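2 protein chains.
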Amino acid sequence: MTARRQPLSQTQTRVLDLLSAAGRPLSAYDLLGKLRGEGVNAPPTVYRALDKLVREGLVHRIESLNAFVACSTPHHHDMATFAICDHCGLVTELTDRPLQDQLAAISGRSGFHATRMMVELRGHCAACAAKAHGHGAPDHAH
Amino acid sequence: MTARRQPLSQTQTRVLDLLSAAGRPLSAYDLLGKLRGEGVNAPPTVYRALDKLVREGLVHRIESLNAFVACSTPHHHDMATFAICDHCGLVTELTDRPLQDQLAAISGRSGFHATRMMVELRGHCAACAAKAHGHGAPDHAH
DNA sequence: GAACGGATGTTATATCATAACACCAATCTG
DNA sequence: CAGATTGGTGTTATGATATAACATCCGTTC
Numbered sequence: 250m251t252a253r254r255q256p257l258s259q260t261q262t263r264v265l266d267l268l269s270a271a272g273r274p275l276s277a278y279d280l281l282g283k284l285r286g287e288g289v290n291a292p293p294t295v296y297r298a299l300d301k302l303v304r305e306g307l308v309h310r311i312e313s314l315n316a317f318v319a320c321s322t323p324h325h326h327d328m329a330t331f332a333i334c335d336h337c338g339l340v341t342e343l344t345d346r347p348l349q350d351q352l353a354a355i356s357g358r359s360g361f362h363a364t365r366m367m368v369e370l371r372g373h374c375a376a377c378a379a380k381a382h383g384h385g386a387p388d389h390a391h
Numbered sequence: 250m251t252a253r254r255q256p257l258s259q260t261q262t263r264v265l266d267l268l269s270a271a272g273r274p275l276s277a278y279d280l281l282g283k284l285r286g287e288g289v290n291a292p293p294t295v296y297r298a299l300d301k302l303v304r305e306g307l308v309h310r311i312e313s314l315n316a317f318v319a320c321s322t323p324h325h326h327d328m329a330t331f332a333i334c335d336h337c338g339l340v341t342e343l344t345d346r347p348l349q350d351q352l353a354a355i356s357g358r359s360g361f362h363a364t365r366m367m368v369e370l371r372g373h374c375a376a377c378a379a380k381a382h383g384h385g386a387p388d389h390a391h
């Protein structure tokens, strides 16, 4: 039942590699910057590659950052959960099956049929929370 | 422990009224359109009013729509859950305390301290799911 | 070889959001 | 009262994100 993997074009592969190598979210324009000089010169090419990768479940879009990350466990996902540190920018993808079930149940109670579920948590990661004892730390510049 | 309510300026009140009256998400520029001719002529004024209203817990930003809605139950919220119909555009705010607790628990397991939790479900509302029997309905134009 | 689907290139533009600075009114505060 | 501070606003300009519309190319299928 695992969705069949379509072969990826060269641009698509390149975008996925860049995201994987970065290990953090990149905006479409970050990617475009890295792809200039490789024959990619305009936003639509990047957005099209990203659309495909998101459809294939290889990349997630993080709505609250307007950015994209390589999926940490490339199943076909209709749900993604992220914990985003507002101090250091660290983004962690969480997976929790009971949460998904509970969300489906909650929305189902109102007759809603969910096809995509996004959970984004903002706050401080363990390391930054530890550092932030009393001395008001300046938050991560957007 | 209910956060003290700051008095609202005229612009802030006006923005909140417009959002309440709309009963659906409006973008900052939708609001600006409605406020032209009332002395509001530029985006920053609208964004500043929205920032304040969000800080006060009276308005939520819906990340996946880049839009704003009046909070249905104006407590001070650090969590919001929305079900967004991709067919008719209906947006419903859900409240579920166990979900909030579970999210806090999940993130806490990794040492993450969440200050804001966003849950956005995309799919079809009860009415549109009922209509969508077989005949592929064209989705709501963005 | 015509038709098609999928990807790309290109130009232009739409949409969303903020920087930087000036001004004003209300409220403290010495 | 004078000066400082805070919060809101106006204004201009710009930055950042995303898509429309149209042309081309290429491999597959019929």
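These protein sequence lines are chains A and B, in that order. Just so we're aligned, residue 250 is where the first sequence starts under the numbering used here, counting upward by one. Just so we're aligned, residue 250 is where the second sequence starts under the numbering used here, counting upward by one. Glycine included, every Cβ here is placed at the ideal spot set by N, Cα and C. Given the structure is predicted, the values throughout are model-derived calculations rather than measurements.
8 angstroms Cβ cutoff, residue i in contact with chain A
i      : result
B:H373 : yes
B:L284 : no
B:L267 : no
B:L370 : yes
Under 8 angstroms from the C-beta of residue i: neighbouring residues of chain A
i      : result
B:S313 : E312 and M367
B:T262 : Those do not exist, as B:T262 stays about 27 angstroms from chain A at its closest Cβ, beyond 8 angstroms.
Amino acids of chain B, ordered along the chain, whose beta-carbon sits closer than 8 angstroms to that of residue i
i      : result
A:A332 : S356, S359, F361 and A363
Contacts that residue i makes with chain A (C-beta to C-beta distance below 7 angstroms)
i      : result
B:T322 : What B:T322 touches in chain A: nothing, since even the nearest Cβ is about 15 angstroms away.
B:D345 : I355
Contacts of residue i in chain A (Cβ-Cβ under 9 angstroms)
i      : result
B:L348 : L348, Q351, L352 and I355
B:T294 : Within 9 angstroms Cβ-Cβ: nothing; B:T294 doesn't reach chain A, min ~21 angstroms.
Contacting residues, own chain, Cβ-Cβ under 6 angstroms from residue i (five flanking each side not counted)
i      : result
A:H309 : V318, C320 and A329
A:C377 : C334, H336 and C337
One or two residues paired with residue i in a DSSP bridge
i      : result
B:T341 : B:A332
B:H373 : A:H362
A:H309 : A:V318
A:L275 : A:F317
A:V289 : Bridge partners of A:V289: none, in fact.
Residue i at chain B interface by Cβ criterion, 8 angstroms
i      : result
A:A378 : yes
Where residue i meets chain B, residues with beta-carbon distance less than 9 angstroms
i      : result
A:L275 : By Cβ distance, chain B contributes nothing, its closest Cβ being about 18 angstroms from A:L275, past 9 angstroms.
Close-in-space but distant-in-sequence residues of the same chain around residue i (CB under 7 angstroms, 5 per side omitted)
i      : result
A:T294 : T260
B:H373 : C334, D335, H336 and A381
Beta-carbon contacts of residue i that lie in its chain and below 8 angstroms, excluding the five residues immediately before and after
i      : result
B:S313 : I333, E369 and R371
ask   = Any chance the segment 270-281 of chain B sits against the segment 335-348 of chain B, with 3 or more Cβ pairs inside 8 angstroms?
value = These segments touch.
query = Would the segment 298-306 of chain B and the segment 343-351 of chain B be scored as touching if the rule is three or more Cβ pairs under 8 angstroms?
reply = Counting Cβ pairs under 8 angstroms, fewer than three are found: no touch.
query = Are the segment 260-269 of chain B and the segment 284-300 of chain B in contact at 8 angstroms, needing three or more beta carbon pairs?
reply = Touching, yes, given that three or more Cβ pairs across the two stretches are closer than 8 angstroms.
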